[in-house]
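Everything below concerns the one structure shown next.
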Amino acid sequence: MEIKLKKTDAISGVIEVPADKSITHRAIMLSSLAEGNSVVRNYLPSDDCNRTIEAFRQMGAEIKIDNGKLYIKGAGLSLAKPQVGKYNIYAGNSGTTTRLLSGILAGQNFETVITGDDSLSKRPMQRIIDPLLKMGAEIKSTNGLLPLIINGKRPLKSINYESDKSTAQVKSAVLFAGLYADGVTTYSEPVRSRDHSERMLKAFGADIKVNGNSVAIYPAKKLNAQDMTIPGDISSAAFFIAAALIVPSSNLTIKNVGINPTRDGLIEVLKQMGADITLSNIREVSQEAICDIVVKYSKLKAINIDASLVPRMIDEIPVFVLIATQAQGITKISGAKELKIKETDRIEAVASQFKKLGAQVEALEDGFMINGNNEVSLTGTLLDSFEDHRIAMTLAIASLIASGETIIKDSHCVNISFPGFYRVLKNICK
Ligand code: S3P
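Take a look at the structure:
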């Protein structure tokens with residue numbers, strides 16, 4: 002499905018964005034592994050999170066949806082062998098479902114097969130296979146790609162794993178597997194990746210200790226059901242933060258957004274660039290910092306971003322490139338090679354589509370060089386989302402400052418993380 006969008010005069014209003022995708026996946030997983038009845042308030046009802054719900058329903062968790070909340074009766078740490086679809090779990094487009102679930106399946110007493118869509122079937126799984134094999138699970142895959150055939154073992158062997166990448170999906174897979182190990186499992190990474198798993202495991206009663214970029218987890222006998230509320234997703238808010246910053250005369254408030262310190266790199270960088278962004282009503286909800294964000298149109302200056310910051314804003318980089326096209330000077334992003342193996346090659350996708358819009362964006366092996374001198378003006382045209390939700394939303398925000406009409410192919414893919422995205426966008430365009 003194509004969508005046609007036009008330039009707007011200003012962005013204004015008070016909005017909320019849907020719940021955090023990363024936290025929703027983890028809430029479904031840990032509630033399903035707990036004993037007792039959990040409530041997940043304000044969960045994200047998106048395609049990716051629905052894949053996680055379906056997987057755990059197949060393995061014995063009772064998950065009811067009522068009035069925007071999930072009511073989950075956990076199956077306990079020992080799940081039931083899935084009985085649907087020849088023991089297959091279908092993860093759709095969701096890397097988070099696949100990788101985190103693999104850690105849990107590594108500790109079960111049965112064999113499972115995980116499959117996914119075309120995009121997920123091209124994404125690297127060796128990064129989770131390596132540590133889980135070390136822990137004693139049997140995993141079969143061809144070239145480190147889906148389908149994954151996981152034959153769980155219990156107990157798993159505890160390991161001390163030093164990752165050469167900062168990835169919360171691998172970290173979480175190892176920590177979840179650590180619940181089923183025979184001793185303390187440790188995991189360390191170069192720069193701290195998002196820590197939602199650590200926070201939530203603790204809340205569910207797991208014995209987990211964080212020390213800088215290292216985490217230690219002890220085997221668990223059981224997890225205890227929780228009642229939790231999920232914050233708005235900063236990665237979804239990022240698109241509207243960008244819109245308000247680059248469309249003249251804009252003034253937008255986004256309420257109840259999660260600002261976990263491992264996720265707030267975009268805000269830090271934008272403030273350094275001169276953005277008029279105010280965080281108010283800062284509080285903690287279910288172990289996560291949340292706030293209201295007020296953003297106004299701003300004259301920005303270019304900046305350099307490197308590997309020390311990238312993990313804190315990895316999913317926001319596509320829309321950050323758009324912002325950088327409107328910032329005075331040359332912005333360089335490095336240390337972001339991981340973008341090449343997201344839902345699509347996001348370096349290639351962003352560079353090729355921005356070129357069509359007339360922006361000066363050069364793809365690098367591990368990032369971008371963006372020339373924002375003279376606040377390059379964009380021209381609307383036919384663009385490809387590559388069926389990647391974050392590329393589609395980035396291009397939709399670019400259309401707000403592009404002359405003429407912008408047409409985006411496969412625009413429906415926004416439902417992966419942000420159902421209702423185009424409706425919210427329409428409401429704030431004046
Ligand atoms: C996620 C971790 C990140 C992120 C993804 C969600 C998670 O991936 O890009 O959208 O929920 O743990 P990596 O772990 O591959 O960096």
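Sequential numbering from 2 applies to the sequence shown in the working numbering.
Beta carbons are placed, not taken as given, at the ideal position from N, Cα and C, and that holds for glycine.
1. Tell me whether the region 34–51 and the region 246–256 touch, counting them as touching only if at least three CB pairs, one residue from each stretch, are closer than 8 Å.
2. Would DSSP call G96 helix, strand or coil?
3. When every heavy atom of the ligand S3P is checked, does at least one fall within less than 7 Å of the C-beta of A308?
4. Give the list of continuous beta strand (DSSP E) stretches no shorter than 3 residues that lie fully inside the region 29–102.
5. Which whole-angstrom value describes the C-beta separation of T98 and A107, a residue pair presumed to lie in contact below a C-beta threshold of 8 Å?
6. Give the range of the alpha helix (DSSP H) segment to which M2 is assigned.
7. If we call anything under 8 Å between Cβ atoms a contact, is R128 one with V171?
8. Classify S309 as helix, strand or coil using the three-state DSSP reduction.
9. What residue from R200, M136, Q59, M126 has the CA that sits closest to Y162's CA?
10. Considering only their Cβ atoms, is the gap separating P148 from I115 smaller than 8 Å?
11. Let's test the definition: count the other Cβ atoms within 10 Å of the Cβ of R284 and tell me whether it reaches 16, buried, or not, exposed.
12. Would you say D208 faces chain D, with C-beta separation under 8 Å as the test?
13. Which class does G179 belong to by DSSP, given the choice of helix, strand or coil?
14. When you compare the CB positions of V320 and T382, do they come within less than 8 Å of one another, or not?
15. Using a Cβ-Cβ cut-off of 7 Å (strictly less than) and excluding sequence neighbours within five positions of V15, which residues of its own chain qualify?
16. Let me confirm a value: Q227 is counted as buried when at least 16 other C-beta atoms fall within 10 Å, else exposed. Which label applies?
17. Could you tell me if the beta carbon of E269 falls within a distance shorter than 7 Å of some heavy atom in the ligand S3P?
18. Where P191 and K431 are concerned, what is the direct C-alpha to C-alpha distance, given to the nearest angstrom?
19. Consider the C-beta atom of A169 and the heavy atoms of the ligand S3P; say whether any pair is separated by less than 7 Å.
20. Tell me whether V415 sits in a helix, a strand or coil according to DSSP, three-state version.
21. Can you look up Q329 in the DSSP assignment and give me helix, strand or coil?
22. Alpha carbon to alpha carbon, how far is N428 from A238? Give it in angstroms, no decimals.
23. Looking at the unbroken alpha helix (DSSP H) that takes in K297, where does it start and where does it end?
24. In the DSSP output, what is K141 paired with across the bridge?
25. Does the region 360–378 come close enough to the region 322–333 that 3 or more CB-CB pairs lie under 8 Å?
26. Could you tell me which whole alpha helix (DSSP H) segments of length 4 or greater appear in the region 172–223?
27. Relative to the C-alpha of K22, which residue among V425, R424, N416, Y423 is closest?
28. Between the alpha carbons of T186 and I209, how many angstroms are there, rounded?
29. Assign T25 to one of two classes, buried (16 or more other C-beta atoms within 10 Å of its C-beta) or exposed (fewer than that).
30. At the level of alpha carbons, what is the spacing between D67 and E55?
31. Rounded to whole angstroms, what is the Cα-Cα separation between R58 and I318?
32. Going by the DSSP bridge assignment, what does E269 pair with across the sheet?
33. Where does the unbroken alpha helix (DSSP H) through R424 begin, and where does it stop?
34. Among residues of its own chain, excluding the 5 on either side of I160, which ones have a beta-carbon nearer than 7 Å to its beta-carbon?
35. Taking just the CA atoms, how far does K341 sit from G368?
36. On a Cα-Cα basis, can you pick out the residue from S236, Q109, D10, N144 that is closest to F419?
Answer, in terms of the structure:
1. Judged by pairs of C-beta atoms under 8 Å, the region 34–51 does not touch the region 246–256, as fewer than three such pairs exist.
2. Walking along the sequence shown from the start, residue 96 turns up at place 95. In the structure shown, the three-state DSSP call for G96 is helix.
3. Taking the sequence shown and counting its residues from 1, one reaches residue 308 at position 307. A308: no, Cβ never under 7 Å from the ligand S3P.
4. 38–42, 63–67, 70–74, 89–91
5. Counting from 1 along the sequence shown, the entry for residue 98 is found at position 97. Counting from 1 along the sequence shown, the entry for residue 107 is found at position 106. Contact doesn't hold; Cβ gap of about 15 Å is too wide.
6. For the purposes of this step, residue 2 is taken as residue 1 along the sequence shown, with counting starting at 1. No alpha helix (DSSP H) holds M2; DSSP gives it neither H nor E.
7. Counted from its first residue, the sequence shown places residue 128 at position 127. Counted from its first residue, the sequence shown places residue 171 at position 170. One thing to note: R128 has its Cβ within 8 Å of the Cβ of V171.
8. The residue you call residue 309 lines up with position 308 of the sequence shown. Note: S309 maps to coil in three-state DSSP.
9. Reading the sequence shown from its first residue, position 161 is the one you call residue 162. The residue with the shortest Cα to Cα distance from Y162 is M136.
10. Taking the first residue of the sequence shown as 1, we reach residue 115 at position 114. Taking the first residue of the sequence shown as 1, we reach residue 148 at position 147. In this structure, P148 lies closer than 8 Å to I115 by Cβ.
11. Here the question's residue 284 lines up with position 283 in the sequence shown. Its Cβ having fewer than 16 others within 10 Å, R284 is exposed.
12. No chain D is present in this structure, which holds just one protein chain.
13. Numbered from 1 along the sequence shown, position 178 holds the residue referred to as residue 179. In this structure, G179 counts as helix in the three-state DSSP scheme.
14. Sequence index remark: in the sequence shown, residue 320 carries index 319 (1-based). Sequence index remark: in the sequence shown, residue 382 carries index 381 (1-based). Contact check for V320 against T382 fails: the beta carbons are separated by 8 Å or more.
15. Numbered from 1 along the sequence shown, position 14 holds the residue referred to as residue 15. Answer for V15: T254, K256, listed in chain order.
16. For the purposes of this step, residue 227 is identified with residue 226 of the sequence shown, where counting begins at 1. It counts as buried.
17. As a first step, residue 269 must be located in the sequence shown, where it is residue number 268. Not so, every heavy atom of the ligand S3P lies at least 7 Å from the Cβ.
18. For the purposes of this step, residue 191 is taken as the residue at position 190 of the sequence shown. For the purposes of this step, residue 431 is taken as the residue at position 430 of the sequence shown. Using only the alpha carbons, I get a separation of about 44 Å.
19. For this step, residue 169 is matched to residue 168 along the sequence shown. Under cutoff, so the answer is yes.
20. Stepping through the sequence shown from its first residue, residue 415 is reached at position 414. In this structure, V415 counts as helix in the three-state DSSP scheme.
21. Taking the first residue of the sequence shown as 1, we reach residue 329 at position 328. If DSSP states are grouped into helix, strand and coil, Q329 belongs with the strands.
22. Against the sequence shown, residue 238 aligns to sequence position 237. Against the sequence shown, residue 428 aligns to sequence position 427. Approximately 15 Å, taken between the alpha carbons.
23. Residue numbering aside, residue 297 sits at position 296 when the sequence shown is read from its first letter. DSSP places K297 in no alpha helix (DSSP H) but in the uninterrupted beta strand (DSSP E) bounded by 289–297.
24. To locate residue 141, count along the sequence shown from 1; it is residue 140. In DSSP, K141 forms a bridge with I150.
25. Contact between the region 322–333 and the region 360–378 is present, with at least three C-beta pairs closer than 8 Å.
26. 197–204
27. Looking up residue 22 in the sequence shown gives position 21. Ranking V425, R424, N416, Y423 by Cα distance to K22 puts N416 first.
28. The sequence position of residue 186 within the sequence shown is 185, counting from 1. The sequence position of residue 209 within the sequence shown is 208, counting from 1. Each residue's alpha carbon lies about 10 Å from the other.
29. As a working note, residue 25 is residue 24 in the sequence shown. Burial call: buried.
30. Numbered from its first residue, the sequence shown carries residue 67 at position 66. Numbered from its first residue, the sequence shown carries residue 55 at position 54. A direct Cα-to-Cα measurement between D67 and E55 gives close to 16 Å.
31. Taking the sequence shown and counting its residues from 1, the one referred to as residue 58 is at position 57. Taking the sequence shown and counting its residues from 1, the one referred to as residue 318 is at position 317. About 34 Å.
32. Along the sequence shown, one-based indexing puts residue 269 at 268. None; E269 has no bridge partner.
33. Locating residue 424 in the sequence shown gives position 423, counting from the first residue. Per DSSP, R424 belongs to the alpha helix (DSSP H) from 422–429.
34. Locating residue 160 in the sequence shown gives position 159, where the first residue counts as 1. When the five nearest sequence neighbours on each side are left out, the beta carbons in the same chain lying within less than 7 Å of the beta carbon of I160 are those of P132, K135, M136, T186, in order along the chain.
35. In the sequence shown, counting from the first residue as 1, residue 368 sits at position 367. In the sequence shown, counting from the first residue as 1, residue 341 sits at position 340. Rounded to the nearest angstrom, the two C-alpha atoms are 9 Å apart.
36. The residue labelled residue 419 in the question sits at position 418 within the sequence shown. From the listed residues S236, Q109, D10, N144, the smallest Cα separation to F419 is found for S236.
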